[in-house]
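Worksheet for the structure shown next.
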Amino acid sequence: MKNVSSIVFVLAAVSIALVWSDTNVTPAEQCEGQNFDDLRKRIQVIPCGRSSCKLQKGTNTTVVLKFKPEREVKTLVNEVYAKIGNLPLPFLGVTGVSACPQVTRVDGTPAPCPLAAGEEYVYTNVFPIESFYPTVNLRVHWELKDDEHSVICFEVPAVITAAKPK
Ligand SMILES: *[C@@H]1O[C@H](CO)[C@@H](O)[C@H](O)[C@H]1NC(C)=O
Numbered sequence: 003m004k005n006v007s008s009i010v011f012v013l014a015a016v017s018i019a020l021v022w023s024d025t026n027v028t029p030a031e032q033c034e035g036q037n038f039d040d041l042r043k044r045i046q047v048i049p050c051g052r053s054s055c056k057l058q059k060g061t062n063t064t065v066v067l068k069f070k071p072e073r074e075v076k077t078l079v080n081e082v083y084a085k086i087g088n089l090p091l092p093f094l095g096v097t098g099v100s101a102c103p104q105v106t107r108v109d110g111t112p113a114p115c116p117l118a119a120g121e122e123y124v125y126t127n128v129f130p131i132e133s134f135y136p137t138v139n140l141r142v143h144w145e146l147k148d149d150e151h152s153v154i155c156f157e158v159p160a161v162i163t164a165a166k167p168k
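In the working numbering, the protein residues as written are 3 to 168.
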């Protein structure tokens with residue numbers, strides 16, 4: 003009897019661990035023509051569900067990503083937009099601005115550009131979901147670029163939802 007209950011306990015703990023790790027995975031996908039190692043381990047969009055990220059108007063969305071440049075990065079620019087069908091919708095205050103101020107070392111200390119090849123860096127961005135964005139399903143394209151060279155890139159299915167009634 004004691005054995006049975008400990009087996010039940012272990013099974014319960016394992017399934018809780020599985021659910022937990024699952025809810026913390028962002029369903030990030032590779033950008034077309036690119037292949038970054040361990041992409042899903044590197045990307046976190048908050049809040050995000052199992053199959054798509056929920057972007058609610060009037061709230062902030064946080065993107066945290068880890069990346070390791072293959073070569074020295076002199077400038078780092080946010081190339082971020084939503085794809086609604088074939089139409090790109092830029093996120094205000096994100097698209098086209100320098101990403102250098104948003105990068106730290108793994109220990110949290112600032113990492114001003116240039117960034118060294120082969121080092122791990124962490125990029126964090128918090129941006130608002132504006133009330134005038136359309137409430138639609140879309141794909142978020144998030145890329146950090148040094149000139150024309152992609153340093154990290156992912157896409158994630160997302161949905162913009164209405165603001166919570168006040
Ligand atoms: C979103 O982030 C901005 C800037 O950090 C902050 O001023 C604002 O209060 C945040 N809004 C919400 C709804 O958390």
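For glycine and all other residues, C-beta sits at the position ideal for the given N, C-alpha and C.
Look at arginine 42 here: in three-state DSSP terms it is helix.
Within the same chain, and ignoring the five residues on either side of serine 53 in sequence, the residues whose Cβ sits closer than 8 angstroms to its Cβ are Pro29 and Pro159.
The residue from Phe38, Arg42, Gly51 and His143 with its alpha-carbon nearest to that of leucine 89 is His143. Using a Cβ-Cβ distance cut-off of 8 angstroms, the stretch 112-125 and the stretch 71-85 are in contact, since at least three pairs of beta carbons, one from each stretch, lie closer than that value. In this chain, the beta strand (DSSP E) harbouring proline 90 covers 89-92.
With 16 or more other CB atoms across the displayed protein chains lying within 10 angstroms of its CB, proline 71 is buried.
Proximity annotation: ligand 1 has residues Thr61, Asn62, Val128 and Pro130 in chain order, each selected because its CB is closer than 6 angstroms to a heavy atom of the ligand.
Comparing alpha carbon positions, the residue from Thr137, Leu94 and Glu150 closest to lysine 166 is Thr137.
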